[in-house]
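Structure, as C-alpha cells:
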Amino acid sequence: MPEALLEIQDLVTSFKTTSGLQRVLDGINLSLRRGEILGLVGESGCGKSITSLSIMRLLPQPYGFIENGKILFNDKELTDLSIPEMESIRGNEISMIFQEPMTALNPVFTIGNQIEEVLDIHQDLKKRDKKEKCIEMLKLVGLPRAKDVYNEYPHQLSGGMRQRVMIAMALSCEPRLLIADEPTTALDVTVQIQILELMKSLQKDMNTSILLITHDLGVIAEMCDRVAVMYLGKIVEETTTVNIFDNPLHPYSQGLLNSRLGNIQKGEKLICIPGMVPTLSDKPQGCFFSPRCSKCIDRCKTDMPELNEVKPGHKVRCWLYVDEDY
Amino acid sequence: MRKYLIRRILIIIPVLFGVSIVIFALIHLAPGDPYSSMIDPNFTAEDRRNLLEAIGYYDPLPVKYVKWLGRAIQGDLGYSITYKEPVLSVILRNFKNTVVLSLTALALSVLMAVPIGVISATRKNTIFDYVVTVFSFIGISVPIFFLAMLLIKFLSFDLGLFPISGMQTIGSGYSGFMKFLDFVHHLMLPVIALALVQMAQLMRYTRSSMLEVIMQDYIRTARAKGLKERLVIYKHALRNALIPVVTVICISIGYLMSGAVLTETVFVWPGMGTLVYQSILNRDYPVVVSCALVMAFFILIANLIADILYAFIDPRIKYE
Amino acid sequence: MSLMTVESGLSPWKIATAKLKRNKLAMFGLFVISILVALAILAPVITPYERDRIDMFKIYESPTSEHKLGMDEMGRDVLTRLIYGARISISVGIVSTIIAVVIGVILGAVAGYSGSIVDSIIMRIVDVFMCFPFFLIAIVIAGILGPSIINLMLISGLLNWPSLTRIVRAEVLSLKHCEYIEAAKALGLNARKIIFKHIIPNTLAPIIVYATLGIARGILIEAGLSFLGLGVEQPVPSWGNMLSAAQNFTTLTTYWWVWIPPGFMVLVTVLSINFLGDGLRDALDPKIIQ
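Protein chains in written order, with our numbering: chain W, 8 to 333; chain C, 717 to 1036; chain L, 16 to 305.
Below, the structure written as C-alpha cells:
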C-alpha cells in the first residue's frame, strides 16, 4: 500500500462567533494516498470546505482557527509551519480550485498575468519561458485560442472556460495535492462532465492526488477511488467508492444514496432524509445524526460512537456495527 | 467603450440645459433689474437703450432665455456692479486661486487617506482602526469653518506658525522665490483645513471599499496561489478597491470647491468662495449667479472625467 | 459558509435592534442626542438667565462661577444662549429633513415605479440639482431670499432630496419585480396603493438611515449659513449665528468662550448623529452579520 501523502489527525477547527466558540470540525481523521482521488461528501454546512481551508491554512481571519490536531503533508506538519513556509507550499505543492469560477479570478488582471504570477512565486523562469509555459498550460486544459486568452480578462470568458483557467493555474507548478472544492457545482451539466474528465486525465498524467469536495454522489462515482462522508463536522464513514455504492453502512450514507434522483421511478415519491441538519450551536446529544436516524437505538442518544474499521478498508462511526457480527 | 463614452457625453446635454434654466430663474428671482447689469455701465443713455433692446429687455421670457443663453455660451455673463468690469474676468481671476487651493488640498488628502484607509481595513478592529474610524467621524462632522477658526486661533495667533489670512504678506515686497515661499506659507493652513475634512471622507471610503474587496473570492484565490499577504493586499485587493475610490476623488473635486467657499471666507483667501460671499454682501447678483453657473459647469466636467476614468481603469467596461 | 445563523428566527426589526445595541458608538450617539434634545426642550427651565438679558457691564467677560461660559459681545450669558441655540439648530435639522424626505421619497418612488419618460425626467432633474455645489447654491438662494429660519429650513430641505430620490428609486426598481408586488398587481391594487402599501414600507431602512444623517447635514447647513449671516438672525440664538461672532478678529483670537462652545456643540451633535446613523445603516443591512 503506498504511503499517505496527506494525513489529517484529530483536526478540530473552531470559529469565534458572537455566541462563543463553535466547533466546525470536530476531530477529523482522514488520509489521502499518493496518486489517489479521495471524495469528501456531505450536505452543505457540514464542514467540507472548512476542511480544505484548514489544510491550506486559509481560514477566514480573524474568526477561524485550528484548535487542535495535526495535518501531515509529505511528512511535514502543516500546522507548525511559519507563514512564509506555508506560502511556499500553497500553489506549489498544494493547489486549490474553488466552486465559483465566475468570482475566483481577479477581474482587473489578464489571464496571462494571473497564471504567470504563480510561476513567479514558485519557479524561477525567464520572462519568455514564463509566457510559453503559461500558454502551454492553457492549451493543456483544452482552451481553444490559448494565445488570445492569455491577453484577455476573466469577464470575457464563460464559466467553464474560467474553471479551465483555474485548473491551469492550479496545476502550473505540478502540485502533489490538488484540492477541488465543488469544482463543477456552478457549471452547466454538459460543461461539468468536460471539466471532470479534464481533471481526471490531468491527474493521471501528473500523478497528482486530488481531494475532491462535493455534495454530488454522481461526481464521486465518476471520479473517486475512495470516499469519506461527513456529517456536522465529523467523518461518519470512509471506504472505497465501490463499497459506498454497493454496501453503505452508516444510515446517513444510506440516506444520501437513497435520496438520489436516479433511484426513483416515475410516479414514486421522492425519498429524503427526515428532519433538518441541526445548527452548530445546537448539536444533539450522543450521535449527531441520531435525531434523524431511522435505526436509532438508545445508546445513540447518549454516546458518540468512534470511527471504527469494521472491515478492512471500511470505517464507520455507528453503534450498529460495534460488538456485532453483521 | 466608445458607445459608453458617447452615451455619457450625451447625457450631459439635458443636464446643462436644466442648469441653465435654474440659473436663468435665479437671475430673475434676484432683487433688482438683471438687465441693467448686463451691459457696460460706461455707455451713454442712448446706447444703453439700444443695447437693452438688443439683449432682449423688451422680449417675452422664452426669447429672453434664448438670448441670454446665447450670450452665456460665448462667455458674456454681464457686468459686475461692484468691480465695474465683465463678470467673467472677475470670476476667472478668483477661480484660479480656488483651483490652487482645492487641488493642493485634494492631492494632500489622497496621499494621506488612501494608505491609511487600506491599513485600517487590513487591521480591522485593532486600535489603529478604531482611532482612524473615530478620527474620520470627527472629520465628517466638524463644520469646516469652525476647524479653520480653531487652526487660526491656535496655530497662527497663539503659536505664530502661520500667517493669519490672505495670500501674501502685504507690503513685504518679496519677489521671485521668496514670493513663492511666502505664498506657500499662506496656502498651508487653508489647505490643512480642507484636506483634513476631505481626508476623513476618503479614508472612510477607501476603508469600506477595501473591506468589501478583501471578502471577494479572488482574494482567496490569490492567497491559495501562495502570494505574500503584502502582495495580496497591495496588488490584488487595492487595484480593485481603488476603482470606486478614483471615481469618488473626481466627484469630490466639485464638492471640495464648494467646501472651499466657507474656508476661503475664514482665511480671506481671494477665491470663488470669498467672491460669492463678498458679492452677496454687496448685492452684486450677476457675479453671484455666474459663480454658481461656472461651478456647476466645472462639477459636470469633473463627473464626466470620473466616468471616463472609470471606463479606463475597469476592464469590464471597455468591452460592453 | 453560513456560520452566523445564530440570530435566525427573530423578526428583522428585533435583529436590527439587537445589532444596534451592541454598537458602542451608536449607543453613545443615541445617549448624547437624547441629552441634547432634553436640554433643548427644557431650555426655559434649566437656563440660569433669560435668553436675551443684557448686562452692559459684563461685555466679553471671561467665564466665572456666575457665568460658566462667560458673556458675549452684547453682555449676554453664553451658556444660556447655547442651550436655547440647541432648539433652533436641532429643529432646523429636523424640519429640513422632513421636507427632503417627503420630496425625495415621493419622487423616487414615482420615478422607480412608473419608469419610462417620467423616470428620466425626474432623474435628469436630480442630475441638475446634484451638479450644483451644494453649499454655494445654498448661499446664493439664501442671499436672494434673505435670512430667516423658515428660508433656512426650506433651502436645506429643497437641496437635500436628490440623493434620497436616487436611493429610493434604486430600491423600488429592485422591488418592483418581486413576486409579492406582482401578486398585488394581479389582485388589482392600483399604482398608488401598491407604492404606499407595499413598496415604501420595504424601502424604509435606507430612508431611516438617510433621514438620520440628513438631520446632521441640516445642522451643518444651519451653522454655515448663519455663520455667514444668511441664516438665523439675532437676537434669536442658534449655534451658527453664535459662531459668527468669530468673524470679528479680536473675538476669534481673544474671546474664545464666545465661539468655541457653539462650534463644539455643532461638532458633538453632528458627530453623535453620524455615529447613530452609521450604526443604523449596519444594523438595518441584513447583509452585514457581525
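Backbone N, C-alpha and C fix where the C-beta goes; we use that ideal spot for every residue, glycine too. Bear in mind the structure is a predicted one, so any value in this text is a computation, not a measurement.
By DSSP's assignment, tyrosine 160 of chain W forms no beta bridge with any residue. Comparing alpha-carbon positions, the option among C:Phe873, C:Val858, C:Ile1015, C:Ala938 lying closest to alanine 238 of chain L turns out to be C:Val858. The DSSP assignment places 101-104 as complete runs of the beta strand (DSSP E) inside the region 81-167 of chain W, in order along the chain (cut-off: 3 residues). When Cβ-Cβ separations below 9 angstroms define contact, cysteine 1007 of chain C makes contact with chain L. Threonine 25 of chain W counts as exposed, since fewer than 16 other beta carbons sit within 10 angstroms of its beta carbon.
Taken atom to atom, the span from the alpha-carbon of leucine 39 of chain W to that of glutamate 14 of chain W is near 6 angstroms. Of the candidates L:Ile214, L:Leu267, L:Gly246, L:Ile214 places its Cα closest to the Cα of cysteine 193 of chain L. Taking C-alpha positions only, valine 907 of chain C is separated from proline 986 of chain C by approximately 14 angstroms. Residues of chain W with a Cβ closer than 9 angstroms to the Cβ of leucine 954 of chain C do not exist; the shortest Cβ-Cβ separation is about 10 angstroms. By the C-beta density criterion, aspartate 87 of chain L is buried, having at least 16 other C-beta atoms within 10 angstroms. Residue state for glycine 889 of chain C is assigned as coil, using DSSP reduced to three classes. Along the region 133-162 of chain L, going in chain order, the ones with a CB nearer than 7 angstroms to a CB of chain C are Arg139, Ile140, Asp142, Val143, Cys146, Phe147, Pro148, Phe149, Phe150, Leu151, Ile152, Ile154, Val155, Gly158, Ile159. DSSP places glycine 46 of chain W within a strand segment (E or B) once states are collapsed to three. Taking the C-beta atoms as reference points, phenylalanine 861 of chain C is found no nearer than 9 angstroms to threonine 760 of chain C. Close to chain L, meaning a Cβ-Cβ distance shorter than 9 angstroms, are the following residues of the region 852-869 of chain C: Phe853, Ile854, Ile856, Ser857, Val858, Pro859, Ile860, Phe861, Phe862, Leu863, Met865, Leu866, Ile868, Lys869.
For the options W:Cys180, W:Lys83, W:Glu107, W:Asn113, the alpha carbon positioned closest to that of valine 125 of chain W is the one of W:Cys180.
The alpha helix (DSSP H) runs of length 4 or more contained entirely in the region 761-843 of chain C are, from start to end of the chain, 761-771, 777-789, 803-838. In this chain, the beta strand (DSSP E) harbouring glutamate 14 of chain W covers 11-24. In summary, the residues of the region 720-733 of chain C whose CB is separated from some CB of chain L by less than 7 angstroms are Pro730, Val731, in the order they occur in the chain.
Judged by their CB atoms, threonine 192 of chain W and aspartate 223 of chain W are nearer to each other than the 9 angstroms cut-off.
Taking the beta carbon of arginine 839 of chain C as reference, no residue of chain W falls within 7 angstroms; the closest one sits roughly 10 angstroms away. In the structure shown, the three-state DSSP call for glutamine 249 of chain L is coil. In the structure shown, the three-state DSSP call for arginine 999 of chain C is coil. DSSP places lysine 322 of chain W in the uninterrupted beta strand (DSSP E) bounded by 321-323. Interface with chain L (9 angstroms Cβ-Cβ cutoff): glycine 989 of chain C is included. Leaving aside the five residues that flank methionine 168 of chain W on each side, the residues in its chain whose CB is nearer than 7 angstroms to its CB run, in chain order, Leu150. Residue pairing of serine 216 of chain W in beta bridges, as defined by DSSP: W:Leu184. The beta-carbon separation of leucine 286 of chain L and isoleucine 843 of chain C, rounded to 20 angstroms, does not stay under the 8 angstroms limit for a contact.
Around proline 59 of chain L, the same chain offers no residue with a beta carbon nearer than 7 angstroms, after the five sequence neighbours per side are excluded. In terms of Cα proximity to isoleucine 728 of chain C, the closest of L:Ala206, L:Phe242, L:Phe144 is L:Phe144. For a Cβ distance threshold of 7 angstroms, residue set Met865 of chain C lies close to alanine 261 of chain L, ordered along the chain. Residue state for glycine 34 of chain W is assigned as strand, using DSSP reduced to three classes. One thing to note: methionine 176 of chain W has its Cβ no nearer than 9 angstroms to the Cβ of threonine 963 of chain C. Of all residues in the region 124-140 of chain W, only Glu124, Val125, Ile128, His129 place a beta-carbon less than 8 angstroms from a beta-carbon of chain C.
The count of Cβ pairs closer than 8 angstroms, one atom from the region 927-934 of chain C and one from the region 953-972 of chain C, reaches three, so the stretches are in contact.
At the C-beta level, alanine 909 of chain C and leucine 875 of chain C stay beyond 9 angstroms of one another.
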